[in-house]
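Below is one structure, written out as structure tokens; the observations come after it.
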Amino acid sequence: MSFLHRNVNFGILMALIVLALSITVLGIYYTANYGSLSSEYTRQLTSLQKVTDDLLLHKSRLNQTVKDLETKQQDETALTQKYNQLKDDNAQLTSDKQMLQEELQSKGEELAQKNAELVGAKAQVVEQMAEISDLKSDVAYYKDKYQDVCDANPGACT
């Protein structure tokens, strides 16, 4: 039986050696794999950090763009309101201008009519003054004639 015992011991020794070699090989393999895995992890982490930084940069740019757009929309709204107010004011001023021009034309026509009436009235005054002058001269003539008749016939003028 010693032969069997010796073969069993030898088998166990071989199994232990194979097991020790397997554990050593696996340790070396996993160490190498862990090193490459660790470096890959570090590389990926660096890449993710870079992507995160880029995303944060783009986010800040996007936020600034949103603020600029909101400011632009507010400015556009304010300018639209001012434009509409100025447009309404312009329409009102145009209407007022048209009304004033019509009134000016009407007053001009009225002035021309009044000037024509004034010229006519002045002409009448001149005619009447001439008539008054003629009548005064007739009165003076007839007074002189009356005086001559009274001087020639004193009894006829009493």
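Taking our numbering, I'd label the letters of the sequence shown as residues 18 to 175. Each residue gets a CB set at the ideal place from its N, CA and C atoms; glycine is no exception.
{"query": "Please decide whether T97 counts as near chain D, where near means a Cβ-Cβ distance under 7 Å.", "result": "Any reference to chain D falls outside this structure, which holds one protein chain only."}
{"query": "Please report how far the alpha carbon of E134 lies from the alpha carbon of Q118, in whole angstroms.", "result": "24 Å"}
{"query": "Given this structure, state the Cα-to-Cα distance separating L73 from T63, to the nearest angstrom.", "result": "15 Å"}
{"query": "Could you tell me the alpha carbon to alpha carbon distance between V166 and E148, rounded to whole angstroms?", "result": "26 Å"}
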